[in-house]
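Under this note's numbering, the first residue of the sequence shown is numbered 212, with each subsequent residue one higher.
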Amino acid sequence: LNGVADYFTPIAASTRESGAGGMLGGKTVGEGASESQTGATAAVILPPPSIGAGGQEMTDPSTGETSEDEAEKTAKAQEGKEFEQAATDIRKAISGIPELSPLASSLLIDNTPEGMRIQIIDQDKIDMFAPGSANLYPKAKELLAQIAQVIHRMPNKISISGHTDPSTAVDPSGYTNWELSSDRALATRRALIDGGLEDRQVEKVIGRADTDPVDPKQPRSPRNRRISIVLLRGTNLKSDQFDRLPSFLEKVAPPPVDATGGETLSSPSAAPAPAK
(Lines of atoms letter the chains of each structure in order from A and count residues from 1; the text may use other names and numbers.)
(Lines give C-alpha, C1' and ligand atoms only; values in the text may rest on other atoms or scores of the structure.)
Protein backbone atom coordinates (compact mmCIF):
# COMPACT_ATOMS: atom_id res chain seq x y z
CA LEU A 1 0.00 0.00 0.00
CA ASN A 2 2.84 2.38 0.72
CA GLY A 3 4.13 1.89 -2.80
CA VAL A 4 0.73 2.69 -4.25
CA ALA A 5 0.45 5.78 -2.05
CA ASP A 6 3.87 6.99 -3.11
CA TYR A 7 2.91 6.53 -6.73
CA PHE A 8 0.03 8.99 -6.37
CA THR A 9 1.99 11.52 -4.30
CA PRO A 10 2.41 14.80 -6.29
CA ILE A 11 5.99 15.59 -7.27
CA ALA A 12 5.94 18.98 -5.56
CA ALA A 13 4.80 17.39 -2.29
CA SER A 14 7.13 14.38 -2.34
CA THR A 15 9.09 13.83 0.89
CA ARG A 16 11.73 11.54 -0.59
CA GLU A 17 15.26 12.59 0.09
CA SER A 18 17.34 13.88 -2.75
CA GLY A 19 20.69 12.49 -3.73
CA ALA A 20 22.37 14.91 -1.33
CA GLY A 21 20.92 13.30 1.75
CA GLY A 22 19.96 9.84 0.66
CA MET A 23 21.38 6.81 -0.96
CA LEU A 24 23.56 8.65 -3.50
CA GLY A 25 25.08 10.97 -0.93
CA GLY A 26 25.09 13.94 -3.28
CA LYS A 27 26.54 11.99 -6.22
CA THR A 28 24.95 11.45 -9.56
CA VAL A 29 24.99 8.11 -11.31
CA GLY A 30 27.75 9.41 -13.55
CA GLU A 31 29.92 10.03 -10.49
CA GLY A 32 30.17 6.39 -9.54
CA ALA A 33 26.88 5.51 -7.90
CA SER A 34 25.52 2.29 -9.34
CA GLU A 35 21.98 2.68 -8.10
CA SER A 36 19.33 3.73 -10.61
CA GLN A 37 16.73 6.39 -9.89
CA THR A 38 13.14 5.30 -10.22
CA GLY A 39 11.41 8.64 -9.55
CA ALA A 40 8.99 10.12 -12.08
CA THR A 41 10.29 12.69 -14.59
CA ALA A 42 8.28 15.81 -15.48
CA ALA A 43 8.81 17.19 -19.01
CA VAL A 44 8.21 20.92 -19.50
CA ILE A 45 7.94 22.33 -23.05
CA LEU A 46 8.91 26.00 -23.33
CA PRO A 47 8.28 28.38 -26.24
CA PRO A 48 11.30 29.40 -28.34
CA PRO A 49 13.22 32.31 -26.80
CA SER A 50 12.67 35.79 -28.14
CA ILE A 51 15.47 37.27 -26.08
CA GLY A 52 19.04 37.13 -27.29
CA ALA A 53 22.30 37.07 -25.41
CA GLY A 54 22.72 40.03 -23.10
CA GLY A 55 18.96 40.56 -22.83
CA GLN A 56 18.58 42.08 -26.30
CA GLU A 57 15.40 41.27 -28.14
CA MET A 58 16.00 39.25 -31.29
CA THR A 59 12.52 39.24 -32.81
CA ASP A 60 9.53 41.55 -32.46
CA PRO A 61 6.50 39.20 -32.16
CA SER A 62 4.15 41.85 -33.59
CA THR A 63 6.12 42.45 -36.80
CA GLY A 64 8.39 39.44 -37.12
CA GLU A 65 11.36 41.80 -37.60
CA THR A 66 14.63 41.37 -35.75
CA SER A 67 16.42 44.16 -33.93
CA GLU A 68 19.01 44.02 -36.72
CA ASP A 69 16.28 44.75 -39.29
CA GLU A 70 15.12 47.72 -37.25
CA ALA A 71 18.67 49.04 -36.97
CA GLU A 72 19.14 48.74 -40.73
CA LYS A 73 15.91 50.65 -41.39
CA THR A 74 16.97 53.40 -39.01
CA ALA A 75 20.41 53.67 -40.63
CA LYS A 76 18.90 53.91 -44.13
CA ALA A 77 16.44 56.60 -43.03
CA GLN A 78 19.23 58.60 -41.42
CA GLU A 79 21.39 58.25 -44.53
CA GLY A 80 18.51 59.51 -46.68
CA LYS A 81 18.16 62.61 -44.50
CA GLU A 82 21.89 63.26 -44.73
CA PHE A 83 21.76 62.99 -48.53
CA GLU A 84 18.91 65.51 -48.70
CA GLN A 85 20.77 67.93 -46.45
CA ALA A 86 23.96 67.56 -48.50
CA ALA A 87 22.10 68.35 -51.74
CA THR A 88 20.57 71.45 -50.14
CA ASP A 89 23.95 72.61 -48.82
CA ILE A 90 25.65 72.18 -52.21
CA ARG A 91 23.00 74.21 -54.03
CA LYS A 92 23.08 76.89 -51.34
CA ALA A 93 26.88 77.15 -51.47
CA ILE A 94 26.90 77.59 -55.25
CA SER A 95 24.05 80.11 -55.26
CA GLY A 96 26.02 82.23 -52.79
CA ILE A 97 28.93 82.73 -55.22
CA PRO A 98 27.99 85.04 -58.13
CA GLU A 99 30.92 83.82 -60.25
CA LEU A 100 29.45 80.31 -60.23
CA SER A 101 25.92 81.31 -61.24
CA PRO A 102 26.51 80.33 -64.91
CA LEU A 103 27.33 76.80 -63.71
CA ALA A 104 24.18 76.38 -61.64
CA SER A 105 22.46 74.70 -64.58
CA SER A 106 25.44 72.37 -64.97
CA LEU A 107 24.73 70.78 -61.60
CA LEU A 108 22.36 67.80 -61.45
CA ILE A 109 21.70 65.99 -58.17
CA ASP A 110 19.54 62.89 -57.89
CA ASN A 111 19.23 59.58 -56.05
CA THR A 112 20.14 56.26 -57.62
CA PRO A 113 20.26 52.69 -56.26
CA GLU A 114 24.01 53.20 -55.85
CA GLY A 115 23.66 56.40 -53.83
CA MET A 116 23.26 60.17 -54.15
CA ARG A 117 24.64 61.24 -57.52
CA ILE A 118 26.12 64.66 -58.24
CA GLN A 119 26.65 65.30 -61.95
CA ILE A 120 28.45 68.25 -63.48
CA ILE A 121 27.54 68.42 -67.14
CA ASP A 122 28.74 70.61 -69.99
CA GLN A 123 26.34 73.14 -71.48
CA ASP A 124 26.36 74.83 -74.83
CA LYS A 125 29.50 77.02 -74.78
CA ILE A 126 30.08 76.24 -71.07
CA ASP A 127 32.59 73.43 -70.67
CA MET A 128 34.23 72.04 -67.55
CA PHE A 129 37.43 70.99 -69.30
CA ALA A 130 39.49 72.36 -72.14
CA PRO A 131 38.56 70.52 -75.36
CA GLY A 132 40.24 67.14 -75.69
CA SER A 133 42.11 67.46 -72.39
CA ALA A 134 41.78 66.86 -68.65
CA ASN A 135 42.57 70.49 -67.75
CA LEU A 136 39.79 71.94 -65.61
CA TYR A 137 38.75 75.53 -66.15
CA PRO A 138 39.10 77.75 -63.03
CA LYS A 139 35.35 78.04 -62.47
CA ALA A 140 35.01 74.26 -62.64
CA LYS A 141 37.73 73.92 -59.99
CA GLU A 142 35.89 76.37 -57.76
CA LEU A 143 32.64 74.46 -58.25
CA LEU A 144 34.33 71.20 -57.24
CA ALA A 145 35.87 72.91 -54.20
CA GLN A 146 32.40 73.95 -53.01
CA ILE A 147 31.14 70.39 -53.50
CA ALA A 148 34.14 69.02 -51.59
CA GLN A 149 33.39 71.29 -48.62
CA VAL A 150 30.01 69.60 -48.26
CA ILE A 151 30.73 65.95 -49.01
CA HIS A 152 33.87 65.81 -46.86
CA ARG A 153 31.52 66.12 -43.86
CA MET A 154 29.62 63.05 -45.01
CA PRO A 155 30.57 59.60 -43.66
CA ASN A 156 30.12 57.96 -47.08
CA LYS A 157 32.76 56.93 -49.56
CA ILE A 158 32.43 58.21 -53.12
CA SER A 159 32.96 57.04 -56.67
CA ILE A 160 34.02 59.36 -59.48
CA SER A 161 33.41 58.62 -63.14
CA GLY A 162 34.28 60.58 -66.27
CA HIS A 163 32.08 60.59 -69.39
CA THR A 164 32.63 61.90 -72.92
CA ASP A 165 30.63 62.22 -76.10
CA PRO A 166 31.57 60.03 -79.10
CA SER A 167 33.65 62.78 -80.72
CA THR A 168 37.26 61.74 -81.17
CA ALA A 169 40.29 63.74 -82.18
CA VAL A 170 42.97 62.26 -84.38
CA ASP A 171 45.82 61.33 -82.06
CA PRO A 172 48.83 59.44 -83.40
CA SER A 173 49.59 58.08 -79.93
CA GLY A 174 46.24 56.26 -79.83
CA TYR A 175 44.83 58.41 -77.01
CA THR A 176 41.08 57.65 -76.96
CA ASN A 177 37.98 58.70 -75.07
CA TRP A 178 38.70 55.91 -72.60
CA GLU A 179 41.93 57.59 -71.56
CA LEU A 180 40.34 61.04 -71.72
CA SER A 181 37.39 60.12 -69.50
CA SER A 182 39.71 58.39 -67.02
CA ASP A 183 42.06 61.39 -66.90
CA ARG A 184 39.13 63.75 -66.33
CA ALA A 185 37.87 61.58 -63.47
CA LEU A 186 41.36 61.62 -61.93
CA ALA A 187 41.59 65.40 -62.37
CA THR A 188 38.24 65.70 -60.57
CA ARG A 189 39.58 63.59 -57.71
CA ARG A 190 42.59 65.88 -57.35
CA ALA A 191 40.38 68.99 -57.41
CA LEU A 192 38.09 67.55 -54.73
CA ILE A 193 41.04 66.70 -52.49
CA ASP A 194 42.47 70.20 -53.02
CA GLY A 195 39.05 71.49 -51.96
CA GLY A 196 39.08 69.58 -48.66
CA LEU A 197 37.96 66.02 -49.43
CA GLU A 198 39.89 63.26 -47.65
CA ASP A 199 41.60 60.83 -50.00
CA ARG A 200 40.30 57.85 -47.99
CA GLN A 201 36.75 58.81 -48.98
CA VAL A 202 37.46 57.97 -52.63
CA GLU A 203 36.35 54.39 -53.27
CA LYS A 204 36.94 54.25 -57.02
CA VAL A 205 37.74 56.39 -60.07
CA ILE A 206 36.39 55.23 -63.43
CA GLY A 207 36.55 56.29 -67.06
CA ARG A 208 33.38 55.42 -69.01
CA ALA A 209 34.16 57.07 -72.38
CA ASP A 210 30.84 57.51 -74.27
CA THR A 211 29.21 54.27 -73.05
CA ASP A 212 26.68 55.87 -70.66
CA PRO A 213 25.19 59.02 -72.24
CA VAL A 214 22.71 61.24 -70.42
CA ASP A 215 20.94 61.87 -73.72
CA PRO A 216 21.18 58.68 -75.83
CA LYS A 217 19.03 60.19 -78.61
CA GLN A 218 21.56 62.99 -79.10
CA PRO A 219 24.96 61.36 -78.62
CA ARG A 220 26.88 64.54 -79.44
CA SER A 221 24.95 66.67 -76.96
CA PRO A 222 27.30 68.57 -74.61
CA ARG A 223 25.31 67.16 -71.70
CA ASN A 224 26.89 63.77 -72.33
CA ARG A 225 30.29 65.25 -71.42
CA ARG A 226 30.18 65.17 -67.67
CA ILE A 227 31.64 64.13 -64.35
CA SER A 228 29.60 61.97 -61.98
CA ILE A 229 30.27 61.87 -58.23
CA VAL A 230 28.25 59.33 -56.23
CA LEU A 231 28.01 59.18 -52.44
CA LEU A 232 27.78 55.42 -52.05
CA ARG A 233 25.06 53.95 -49.88
CA GLY A 234 26.06 51.84 -46.90
CA THR A 235 29.72 52.92 -46.90
CA ASN A 236 29.86 54.64 -43.54
CA LEU A 237 33.47 55.43 -42.68
CA LYS A 238 32.51 56.02 -39.04
CA SER A 239 31.15 52.48 -38.83
CA ASP A 240 34.38 51.19 -40.38
CA GLN A 241 36.31 52.82 -37.56
CA PHE A 242 34.23 51.00 -34.96
CA ASP A 243 34.59 47.74 -36.89
CA ARG A 244 38.35 48.10 -36.59
CA LEU A 245 38.16 48.79 -32.85
CA PRO A 246 38.47 45.14 -31.65
CA SER A 247 41.68 44.63 -33.63
CA PHE A 248 43.03 47.89 -32.20
CA LEU A 249 42.23 46.75 -28.67
CA GLU A 250 44.07 43.49 -29.31
CA LYS A 251 47.17 45.49 -30.16
CA VAL A 252 47.07 47.59 -26.98
CA ALA A 253 45.88 44.82 -24.61
CA PRO A 254 48.47 43.58 -22.05
CA PRO A 255 50.30 40.39 -23.08
CA PRO A 256 49.18 37.07 -21.55
CA VAL A 257 50.89 35.85 -18.38
CA ASP A 258 52.82 32.59 -18.27
CA ALA A 259 51.40 30.82 -15.22
CA THR A 260 54.51 28.64 -14.80
CA GLY A 261 57.06 31.39 -14.38
CA GLY A 262 54.99 34.45 -13.61
CA GLU A 263 56.49 36.26 -16.58
CA THR A 264 54.69 37.58 -19.61
CA LEU A 265 55.02 35.55 -22.77
CA SER A 266 56.51 38.55 -24.51
CA SER A 267 59.17 39.22 -21.87
CA PRO A 268 62.80 39.32 -23.02
CA SER A 269 63.65 36.25 -20.97
CA ALA A 270 61.04 34.22 -22.82
CA ALA A 271 62.30 35.24 -26.25
CA PRO A 272 64.76 32.95 -28.06
CA ALA A 273 68.41 33.94 -27.96
CA PRO A 274 69.54 35.81 -31.07
CA ALA A 275 71.52 33.84 -33.61
CA LYS A 276 75.26 34.44 -33.55
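By construction, the Cβ of each residue, glycine as well, lies at the ideal position given by its N, Cα and C atoms.
#1: Using the C-alpha atoms, what's the distance from residue 442 back to residue 363?
#2: Within the continuous alpha helix (DSSP H) that includes residue 300, where are the two ends?
#3: Hey, could you find the ends of the beta strand (DSSP E) residue 337 is sitting in?
#4: Is it right to say residue 313 is buried, meaning 16 or more other beta carbons lie within 10 angstroms of its own, or is it exposed?
#5: Would you report the Cα separation of residue 311 and residue 350, rounded to the nearest angstrom?
#6: Go through its chain and collect everything with a Cβ distance to residue 416's Cβ below 7 Å, but skip five positions before and after it.
#7: Should residue 297 be labelled buried (16 or more other beta-carbon atoms within 10 Å of its own) or exposed?
#8: Taking the alpha-carbon positions, what's the residue 435 to residue 448 distance?
#9: Examine the Cβ distances between the region 354-363 and the region 386-396 and report whether three or more of them are shorter than 8 Å.
#10: So, with DSSP's three-state summary, where would you put residue 368?
#11: Given that a residue counts as buried once 16 or more other Cβ atoms are within 10 Å of its Cβ, and exposed if not, what is residue 454?
#12: What did DSSP end up calling residue 409 once you bin it into helix, strand or coil?
#13: For residue 443, report the span of its beta strand (DSSP E) as first-last.
#14: How many Å lie between residue 373 and residue 408 at the Cα?
#15: Check residue 330 in the structure and name its three-state DSSP category.
#16: With a threshold of 16 other CB atoms inside 10 Å of the CB of residue 346, please say whether the residue is buried or exposed.
#17: Buried or exposed: residue 368, going by 16 or more other Cβ atoms within 10 Å of its Cβ?
#18: Determine the closest residue to residue 382 out of 336, 418, 344, with distance taken between C-alpha atoms.
Let me lay it out:
#1: 10 Å
#2: 278-306
#3: Taken as a continuous stretch (DSSP letters only), residue 337 belongs to no beta strand (DSSP E), as it is neither H nor E.
#4: exposed
#5: 7 Å
#6: 371, 396, 397, 400
#7: buried
#8: 31 Å
#9: no
#10: strand
#11: Confidence at residue 454 is low in this model, with a pLDDT of 43, below 50, so its placement is unreliable and the value that follows should be read with caution. By the neighbour-count rule (16 or more Cβ atoms within 10 Å), residue 454 is not buried but exposed.
#12: coil
#13: 437-447
#14: 18 Å
#15: strand
#16: exposed
#17: buried
#18: 344
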